[in-house]
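Quick note on numbering: the sequence shown equals residues -15 to 168 in our numbering.
A virtual CB, placed ideally from N, CA and C, is assigned to each residue, including glycine.
These numbers were taken from a predicted model, which means no experiment stands behind them.
Only one structure is covered here, and it is reproduced in the block below.
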Amino acid sequence: MTSRPARSDRYHGAAITLHWLIAALMICGFYIGWIMTDIPGFTPTKLKYFSWHKWIGVTVFVLAVARVLWRATHRAPPLDSATPAWQKAAAHLVHAVLYVLMLAIPLSGYFYSSAAGIQVVYLGILPLPTFIGPDQALKASLRTVHVLLNYTLLALVAMHVAAALKHQFLDRDGLLARMVPFIR
-15 MTSRPARSDR YHGAAITLHW LIAALMICGF YIGWIMTDIP GFTPTKLKYF SWHKWIGVTV
45 FVLAVARVLW RATHRAPPLD SATPAWQKAA AHLVHAVLYV LMLAIPLSGY FYSSAAGIQV
105 VYLGILPLPT FIGPDQALKA SLRTVHVLLN YTLLALVAMH VAAALKHQFL DRDGLLARMV
165 PFIR
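Structure (structure tokens):
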């Protein structure tokens, strides 16, 4: 039988909302980034996808800052005392790297756009400041960094999801109920 976490073992509603909103946006951003790079030429569709990708990135960055601030002022619920120390350490490390990537990926994309000489205009309304002038060598390096960070994120998210599913279906320890709103 699955043990159910006590109310104090669940994340706060704000943390849950930020978690799932950022996750959904990152999935959309990754998907759009994946398909937009395969569109040949310089078409209106490709430009639209690039804009959407950038808007998602800016939104993820803002929400990630909010999430980091929330996390800095609100403790996460403790892990079950039966959880092995190595799993606790791995969970803390993966979470820390996920937080870093939620900030670093949008920044690397933002600086990549700047180095390409393209200003990011959030939602087509708010021009964001440009901190880097056009630089083709830096553009190539930042593109590589942006892509590598995204694939690192993809691998870590896969591990994160696999660990959550392992806890839910193999360990049956109720860990998933801490972050999934409809599991009590």
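Through-space distance from residue j to residue i, alpha-carbon basis
i, j, result
"Q152", "K38", "35 Å"
"S125", "R156", "44 Å"
"A56", "A88", "18 Å"
"G158", "D(-7)", "10 Å"
"M163", "Q120", "43 Å"
"P62", "W54", "16 Å"
"T170", "Q103", "The first residue shown for the chain is -15 and the last is 168, placing residue 170 beyond what the model contains."
"A161", "V49", "24 Å"
"Q71", "I16", "33 Å"
"L154", "F95", "43 Å"
"A(-2)", "F166", "15 Å"
"T1", "L107", "22 Å"
"V145", "P24", "33 Å"
"H79", "W18", "24 Å"
"Y12", "A69", "A small fix is needed here, since residue 12 is Cys in this sequence, not Tyr. C-alpha separation (whole angstroms): 34 Å."
"L31", "L149", "38 Å"
"A99", "T67", "46 Å"
Local conformation of residue i per DSSP, three classes
i, result
"Y135", "helix"
"L63", "coil"
"D157", "coil"
"M10", "helix"
"V46", "helix"
"V164", "coil"
"T1", "helix"
Exposure of residue i, with buried meaning 16 or more beta-carbon neighbours within 10 Å
i, result
"Y(-5)", "buried"
"S65", "exposed"
"P187", "Any answer about residue 187 is impossible in this case: the structure gives the chain only from -15 up to 168."
"V44", "buried"
Give the list of continuous alpha helix (DSSP H) stretches no shorter than 4 residues that lie fully inside the region 87 to 127.
Restricted to the region 87 to 127, not a single alpha helix (DSSP H) segment is unbroken, complete and at least 4 residues in length.
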